[in-house]
Amino acid sequence: MNYKSLGLKVGLEIHQQLDTHKLFCNCPSELTDSDAREFTRLLKPTQSEMGEVDRAAKSEEKRKLRFKYQAPPTVCLVEADEEPPHEVNSEALDTVLEFAAMVKANFVDEVQFMRKIVIDGSNTSGFQRTALVAMNGNMNMGPMEIDGLNKIGITTICLEEDAARRIAKEGAEITYRLDRLGIPLIEIATEPDIRTPKQAKAVAERIGSLLRATKKVKRGIGTVREDLNISISEGARVEIKGVQELNMISIYVQEELERQMRLVEVKNELRKRKVSDTDFTEIKDLTDIFKTTECKVLLDMIKEGGIVIGIKMKGFSGLMGDGLSQRLETNRRGVLGPELAAYLGPLGIGGLFHSEELPGYGITNEEMEKVNESLGVEKTDAFILIAEKEDLVSEAAAIVISRTKQAFLGVPEETRDPLLDGTSKYSRPLAGEARMYPETDVPPIRLDEDKITKIQANLPELPEEREQRFIKSYRVNPQQARQLISAECDLIFEELLKKQESKKMQNIIAKILLNIIPELESEGVDTTQIKKEIIDEVITCVAQGKFAKEGIYDVLKYVVEKKVSIAQAQSDLGLGGIDEDEMNKIIESLVNERADYIKEKGMASIGPLMGILMKELKGRVDGKKVNLALKKKINEICS
Ligand SMILES: [Zn+2]
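Residue 62 is where the sequence shown starts when you use this note's numbering, and the numbers rise one by one after that.
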């Protein structure tokens, strides 16, 4: 696919939770399932200073939602919006300054928190507090350079508070939990410099690795969320909000660009067919046709007193379902039909069918004929059926018609939710600009020069520099170096190695951190009990020859499961190290026993004999030592 000729442009907005307490109070930044007190609130769209009600706010108001909040004991009155925010968490601010300095951004003189209107209920106050900290940065892509992208502009870097966690939605009531509300987030927005789906993923990875280099960001599912702003030159800016899976980023970009291509094709086709955007508004009550239908969705609605309306789509033949999209790489979702259905989603209307998916869902050919006749649908036309309660049906028809009119213009600007399969679903119109006003409860913070100088002088090592230093100073291999850093085991690795007298333990330490502990974890062993002190003692034992490195796995497992000391584990497991004399005796007796076999096979007998020996000696003596001694004996016999 030629992304350049399509004019693909992508910008990212990354939200990463910081590993410190809440932004405006001292509550822990931790999620909890413990019992919680509950309270309910209604939210109304707030007017901004400009006097206009935000476009997204209006759309949200249509849903007439009620919000229930769960406040677990780990939150205070600040999260409940019953008390004003406290002083800004300075550790959080310092982390944001640090990242900003790493990408050479320009700091603001004064950090002023603003209120960003939020109407989905995810903030008890009705707004999110956010502050611009730096702008106009330039991030070097380092080893993640891809498809010619070696640096990318960083537009803004903000410090903001995370929203409450959505727990449930029942009818018009949404339940939020306040444990996530107020966790400090760094928000990083890039310039729309990204030109291919792969670049989008690489930029997200690079930002992630620089953030981890600060050692002050949270890890794990849900701690980082990405918004993708995607457009093609004939399309429009669409924001896919809240992507959590880094590996899916390039797929979302690819799918969205293909969706925009399909909508552009629809636009061009309508133009070619000379279809007018005022022509198709034929709406009729078709309830009589479906009084005895086998389509459950329609029949249920009729039984509940609802009606079925039909809308003629003049000139839309072939544009509703998969039609034109056949030519594109992905072809699962059709063109306009699913878009129309998604626009009705926020109203809770599910009963929409378009002519290209019929006959089907219990709707027969005969019923279709009647619909065609009643609406005057010809071969070049399509139609839509909507089943709904009478009071909602005209609103639904108006939404379908307004969305269809947008098809003549191509791609509407909108916010979409990512779906698991890599596609996305309409959620609301793109938020307008008029949605910020100053937060008067939080005094502005001046960024004095001393502070900035200090931060700039103490910047963390870049991940690639750290990698090189590990290879050079600690003599680990490049793969180990990279793994230690990306798994964030680098700090504990350095600490453990520094404690050892012999600096040759680096491979064993790396192996414990990168292989043995993850392996134990996948076996269901509670590895959180393997504290730094335990690892240190195990390594010391191995260094002193008390037991061999082959025994580390069993010892650690035993120590956790039986809650005993390492010495006890070693003795219970029979891992008492043996001295060289004893080892040589065991080897000698085996070699004598198998002398004929050795004479026949020569050096090829090493493998099988090692197998036998290690069964007996595993964990008690280093495999390498056994191997050397065995080779020596075999040599003696053969020569
Ligand atoms: Zn609190």
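Even glycine gets a Cβ: it sits at the ideal position worked out from N, Cα and C. All values derive from a computational prediction rather than experimental measurement.
Q: Answer yes or no: the CB of Gly243 versus the heavy atoms of ligand 1, is any distance below 7 Å?
A: yes
Q: Inspect the beta-carbon positions of Val396 and Arg323 and report whether they are closer than 8 Å.
A: yes
Q | Leu55 - DSSP class collapsed to helix/strand/coil | A | No information on residue 55 is available, as it lies outside the stretch 62 to 700 that the chain covers here.
Q: Answer with buried or exposed for Glu287, where buried requires no fewer than 16 other C-beta atoms within 10 angstroms of its C-beta.
A: buried
**Q.** For Ile247 and Lys212, the rounded distance between their alpha carbons
**A.** 20 Å
Q.
Any heavy atom of ligand 1 closer than 7 Å to the beta-carbon of Val136?
A. yes
Q. What are the boundary residues of the beta strand (DSSP E) that includes Cys219?
A. 212-222
(Q) Could you give the first and the last residue of the continuous alpha helix (DSSP H) run that contains Thr514? (A) 510-518
Q.
Which same chain residues end up closer than 7 Å to Asp142 when comparing Cβ atoms and leaving out the 5 residues on each side of it in sequence?
A. Thr185, Ser186
Q.
Can you give me the C-alpha to C-alpha distance between Asp683 and Tyr658, rounded to a whole angstrom?
A. 25 Å
Q: To the nearest angstrom, report how far apart Ser435 and Gly366 are at their CA atoms.
A: 22 Å
Q.
Within a Cβ cutoff of 8 Å, which residues of the same chain sit near Glu622, ignoring the five residues on either side of it in sequence?
A. Val586
Q. Would the beta-carbon of Glu140 be found less than 7 Å away from any heavy atom of ligand 1?
A. yes
Q: Ignore the nearest five residues each way along the sequence and tell me which others in Ala229's own chain have a CB closer than 6 Å to its CB.
A: Thr236
(Q) Between the alpha carbons of Leu41 and Ile648, how many angstroms are there, rounded? (A) This structure gives no information on residue 41, because the portion of the chain shown stretches from 62 to 700.
(Q) Please classify Met163 as buried or exposed, where buried requires at least 16 neighbouring CB atoms within 10 angstroms. (A) buried
Q. Is the CB-CB distance between Ile207 and Ala265 below 8 Å?
A. no
(Q) For chain D, check one thing: does any of its Cβ atoms lie closer than 8 Å to the Cβ of Phe608? (A) No chain D appears in the structure shown, which is made up of a single protein chain.
Q.
Taking 8 Å as the cut-off, does the region 125-140 touch the region 152-170 (at least 3 CB pairs, one atom from each stretch)?
A. no
(Q) Could you give the first and the last residue of the continuous beta strand (DSSP E) run that contains Asn184? (A) Careful: Asn184 lies outside any beta strand (DSSP E) and carries neither H nor E.
(Q) As a quick exercise: from Gly283, Asp181, Tyr498, Ser270, pick the residue whose alpha carbon is nearest that of Glu91. (A) Gly283
(Q) Is the beta carbon of Val358 closer than 8 Å to that of Tyr422? (A) yes
Q: In the DSSP assignment, find the unbroken beta strand (DSSP E) run with Gln78 in it and report its ends.
A: 70-78
Q | Simplified DSSP assignment, three categories, for Thr339 | A | coil
Q) Between Lys679 and ligand 1, is the CB less than 7 Å from at least one heavy atom? A) no
Q.
For Asp346, which residues in the same chain have their Cβ closer than 7 Å to its Cβ, ignoring the five residues on either side in sequence?
A. Ile368, Ile370
Q) Does DSSP put Leu523 in a helix, a strand or coil? A) coil
Q: Report buried or exposed for Arg176, applying the criterion of at least 16 other Cβ atoms within 10 angstroms of its Cβ.
A: buried
Q: Tell me, to the nearest whole angstrom, how far the beta carbon of Val179 is from that of Ala224; I am working on the premise that it is less than 8 Å.
A: 7 Å
Q: Measuring alpha carbon to alpha carbon, tell me which of Glu343, Thr484, Asp442, Ile553 ends up nearest Pro399.
A: Thr484
Q | Residue environment, Thr81, which counts as buried when at least 16 other CB atoms sit within 10 Å | A | buried
Q) First and last residue of the beta strand (DSSP E) that includes Met200? A) 188-201
Q) Using DSSP with H/G/I as helix, E/B as strand and the rest coil, what is Pro479? A) strand
Q. Which residue or residues does DSSP assign as beta-bridge partners of Asp288?
A. Glu74
Q: For the alpha helix (DSSP H) containing Ser435, list its first residue and its last residue.
A: 426-436
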